[in-house]
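Here the structure is laid out as structure tokens; the discussion comes afterwards.
Residue numbers (the numbering used here): -10 to 202.
Okay, here's the thing in structure tokens:
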């Protein structure tokens, strides 16, 4: 029961980190915003999910949050975000449903949480609840490469390996491998000031103006 309660809490709020880790992240100025929110679009008459890609790293520690679609696809951001410092907020994303990918790194050791978020059912015309569920959760993954220096060229193409407490491999769902690799990259991006998985929207075509108009 305690395990289920913890997973439910993490699905809503993000990774449960030790106080020492939270304190260290604050000391080095890494701000990863894991919370998502349910918002209403009045013109479209629908509810959507809002998230913020954020985070970054220093040499010894990293924390990163990004988002993707239900099939792991990269999503366009609503707009990028500027912040006073680095390792903070990078971009806002709005979608009918989001998958959040949150990763924490201490040295070569990683924690990973993948969770899905969508509006819950509407009853009696009331505002729906935010439905959140854990899709993948793993502790103490390991990646021996030095992605900060020696193996920097491999950023974005590798990710940690995870095992159960009994030592059995825990396979990350194939559809989420690309976004997990991006989160891994964010966790070693020292002084991060850009998004690693959300992308700029496609430019809208300019309407053609007929001659004489």
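All C-beta atoms in this analysis are idealised placements derived from N, C-alpha and C, irrespective of residue type, glycine included. These numbers come from a predicted model, not from an experiment.
What first and last residue would you give for the beta strand (DSSP E) that runs through residue i?
i	result
residue 21	First-last for residue 21: undefined, no H or E at that position.
residue 55	50 to 57
residue 186	Segment: none, residue 186 is in no beta strand (DSSP E) and carries neither H nor E.
residue 47	Here residue 47 belongs to no beta strand (DSSP E), and DSSP marks it neither H nor E.
residue 83	78 to 84
residue 89	87 to 95
residue 140	Counting along the chain, residue 140 falls outside any beta strand (DSSP E), and DSSP gives it neither H nor E.
residue 126	119 to 131
DSSP on residue i, reduced to helix/strand/coil?
i	result
residue 8	helix
residue 111	coil
residue 64	coil
residue 193	coil
Where does residue i land, buried or exposed, given buried means 16+ other C-beta within 10 angstroms?
i	result
residue 79	buried
residue 48	exposed
residue 28	exposed
residue 99	buried
residue 73	exposed
residue 185	buried
residue 62	exposed
Please report the residue range of the alpha helix (DSSP H) in which residue i lies.
i	result
residue 173	166 to 175
In its own chain, which residues sit with a C-beta less than 7 angstroms from the C-beta of residue i, not counting the 5 before and 5 after it?
i	result
residue 2	23 and 24
residue 183	79
residue 30	37
Grab me the residues of residue i's own chain with a C-beta within less than 6 angstroms of its C-beta, minus the 5 sequence neighbours each way, in chain order.
i	result
residue 85	37
residue 180	75
residue 215	Residue 215 cannot be examined here, being either before or after the span of the chain that is shown, -10 to 202.
residue 127	101, 151 and 159
residue 176	46, 51, 53, 92 and 94
residue 17	47
Less than 8 angstroms separating the beta-carbons of residue i and residue j?
i	j	result
residue 52	residue 40	no
residue 136	residue 144	yes
residue 169	residue 148	yes
residue 82	residue 67	yes
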